[in-house]
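For reference, the structure is listed below as structure tokens.
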Ligand SMILES: [Cu+2]
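Residue numbers (this note's numbering): 294 to 445.
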């Protein structure tokens with residue numbers, strides 16, 4: 294009987310200790326989950342900052358220098374899409390479509406009634422002469438990627 298009691302006591306002691314261990318472990322787990330969440334949030338914030346920077350770049354007008362500007366046709370836009378050029382001077386716009394995806398297969402100048410195919414990897418140059426305060430638009434054949442050259 295005495296042996297049985299000792300066995301019982303040591304068993305319950307072992308169970309109690311076992312329970313303590315479990316409680317400690319479950320205390321630690323939520324802390325790890327919180328850390329993971331914080332890391333994810335930090336990554337999300339970085340992604341948001343990157344997007345903001347890209348938006349700023351798009352808003353700023355590129356200035357044509359020496360009567361020339363290079364424009365890249367991406368999958369769905371022209372970059373830069375806002376260009377300022379000296380009024381009354383001929384501007385050579387060189388387009389280069391870099392990717393064989395999306396719909397920037399041609400560039401259309403609606404006001405000038407001009408359009409040119411944009412084969413991938415081939416430079417296509419179009420000359421325009423923007424007048425003071427005049428906006429010359431260009432876009433893809435479907436009217437996407439609207440972009441503007443302004444004479445200043
Ligand atoms: Cu398009």
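Even glycine gets a Cβ: it sits at the ideal position worked out from N, Cα and C.
query, result
"Taking the alpha-carbon positions, what's the residue 396 to residue 415 distance?", "16 Å"
"Does residue 427 come out as helix, strand or coil in the three-state DSSP assignment?", "coil"
"For the beta strand (DSSP E) containing residue 410, name the first residue and the last one.", "407-410"
"Thinking C-alpha only, which one of 371, 373, 367 is nearest residue 393?", "367"
"Near residue 411, what residues of its chain come up, given a Cβ to Cβ distance below 7 Å and the 5 sequence neighbours on each side ignored?", "366, 388, 390, 397, 398, 399, 400, 417"
"Between the C-alpha atoms of residue 362 and residue 435, what's the straight-line distance to the nearest angstrom?", "23 Å"
"Say the cut is 7 Å; is the CB of residue 434 nearer than that to a heavy atom of ligand 1?", "yes"
"Helix, strand or coil for residue 360? Go by DSSP, reduced to three states.", "coil"
"To which residues of the same chain is residue 425 closer than 6 Å at the C-beta, ignoring the five residues directly before and after it?", "380, 444"
"Run through DSSP, which three-state label would residue 394 get?", "coil"
"Could you work out which residue in 439, 437, 377, 369 is closest to residue 359 when comparing CA atoms only?", "377"
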